[in-house]
Every structure is written in structure tokens, then in C-alpha cells.
Amino acid sequence: METSEQKPYPFIGEILITPEQIKQRVDAIGAKIMEDYQDSDNLLLLGLLRGSVMFLTDLMRQIHRPMTMDFMSVSSYESDDSSGFVRINSDHKTNIRGWDVILVDDIVDRGFTIYTVRKLLLDRQPRSLKTCVLLDKVDRHQYTVPIDYCGFQIPDYFVMGYGLDIDEKGRNLPYIASVDLEKYRALHG
Ligand code: IMP
Ligand code: MG
1 METSEQKPYP
11 FIGEILITPE
21 QIKQRVDAIG
31 AKIMEDYQDS
41 DNLLLLGLLR
51 GSVMFLTDLM
61 RQIHRPMTMD
71 FMSVSSYESD
81 DSSGFVRINS
91 DHKTNIRGWD
101 VILVDDIVDR
111 GFTIYTVRKL
121 LLDRQPRSLK
131 TCVLLDKVDR
141 HQYTVPIDYC
151 GFQIPDYFVM
161 GYGLDIDEKG
171 RNLPYIASVD
181 LEKYRALHG
């Protein structure tokens, strides 16, 4: 069996994006970032833990110029009356003042996480701030967020793999798959 076809969880639905397709987009985004930041001496990829880890580490291998990485971990609590907040579980270490920062996340859904983290980072006065996500559920946006680099636009499925999880399961898959939620609920409640 091809690695890309292995299904180690019983609740994997359809494979939506193969490892080959992911690689192609990651390479293209890497090349674009190289071009856009050729005059920058202080490029920082700032990933949101834990979903962005695979994407960020693959992406930085395609950026053949000086750069560094950092991470922060946040939990978003969003309610329907838009009184949500983001809790910082652990903050980034770099003082980003004067840096060219690219905020990297796995997926934009309602946009709340990126919207809130962007505001927070802008307060810290980076030289520039852009956003890079692997996946974008375009039909779900409720907050206006600029997405400068995007791997794939996807429909409103719950997805897992290549860093993305459902209750911490599925991050290790080399592809992006939909979650069979009926099966998942039958197994995990
Ligand atoms: P937002 O704040 O509504 O944009 O949600 C973004 C966050 O929700 C992401 O950083 C993911 O952690 C999580 N998320 C949203 N959709 C999915 C999905 O389909 N699979 C896994 N995680 C998701
Ligand atoms: Mg996340």
C-alpha cells in the first residue's frame, strides 16, 4: 500500500489533498516568500502550535535565505455574540519589533484566531506582518482577515492530517482527509 493511502484511523473519510499536492503548493509558497522577502534581513516565520508545525517546517526548508522561526500557542474561545477571546498558552520568545513576521497557521475557519492574534502582534510593532495558512474554509469566514499566502481553499468539511487534528488525533497523517464525523462520534462520543 502507498504511504499516501494508509488509513490508520477508522474515522478517516475521503482523502482530499495528497502528499504530492501538498508538496507542490508548499514549494510554490516557499518560492513566493523567497521572492517577496529578498530584501529582508529579519524574516521570522511565527507558527501557531500545534497545527502549523508540519506545514511550517516543510515550508522553511524551501526558503533558501536567512530566516528564523518561533511559535506561540493560543486557544480561541469564541461565542456567537462576538465576545470571544484568545488565551495565550505560551508566547513567542523573539522580540518581533522591527522584524518581518509571517504568521503561519494550519487553517482559517471563522477567522477569529488569525484576526485576534494579528491585532496582538501588530501592537508589538513588527516591521511587517503577513499571514500564511495551509487551508482556508472560505465559506466560513466571519472576520475579515488578510490571507497573503494560502495553500488550498476547501469547502466546509472538518478535516484532519498534516498537522491538523480532531481531539489530538490524526496530526501524523501525510495527507489532508475529511473526518467521518458519524463514525468518529460512534467511536469517541
Ligand atoms: P477560527 O478561529 O474559527 O478561524 O478557527 C481556526 C482554528 O480552529 C484552527 O487554528 C484550527 O485549530 C481549528 N480548526 C478549524 N477547522 C478545523 C478543521 O477542519 N480541522 C481541524 N482543526 C480545525
Ligand atoms: Mg489551531
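Quick note on numbering: this note's numbering labels position 154 of the sequence shown as 154, and the sequence is numbered without any gaps.
C-beta atoms are modelled at their ideal positions from N, C-alpha and C, and glycine is treated no differently.
Predicted model, so just to flag it, every value in this text is computed and none were measured.
With a threshold of 6 Å, establish whether the CB of residue i neighbours any heavy atom of ligand 1.
i    : result
V108 : yes
F11  : no
D180 : no
S90  : no
L164 : yes
F85  : no
T18  : no
Tell me the DSSP secondary structure of residue i in three-state form.
i    : result
Y194 : Coverage of the chain is limited to positions 1 through 189, which leaves residue 194 absent and any answer about it impossible.
R25  : helix
G65  : Reading the sequence as shown, one finds Arg at residue 65 and not Gly. Coil at R65, not helix or strand.
G151 : strand
D136 : strand
K130 : strand
K169 : strand
R124 : coil
D58  : helix
Quick test of your reading: residue i and residue j, contact by CB under 8 Å. State the CB separation rounded to the nearest angstrom.
i    : j    : result
L44  : D70  : 6 Å
G151 : V133 : 7 Å
L59  : I154 : L59 to I154, Cβ: 18 Å. No contact.
V159 : L181 : Going by Cβ atoms, the distance from V159 to L181 rounds to 11 Å, so no, they are not a contact pair.
S247 : S73  : Because the chain is modelled from 1 through 189, residue 247 falls outside the range shown and cannot be assessed.
Please name the residue, chosen from the options, that lies closest to residue i on a Cα-to-Cα basis.
i   : options                   : result
L56 : I176, Y162, Y184 and E182 : Y162
M34 : T18, P66 and V53          : P66
- Query: Looking at C-beta atoms only, is the number of pairs between the segment 106 to 119 and the segment 35 to 51 that lie closer than 8 Å three or more?
  - Reply: When C-beta atoms of the segment 106 to 119 are compared with those of the segment 35 to 51, three or more pairs fall below 8 Å, so the two segments count as touching.
- Message: Under 8 Å: do the segment 108 to 118 and the segment 24 to 43 share three or more Cβ pairs, one atom per stretch?
- Response: Not touching, per the Cβ criterion.
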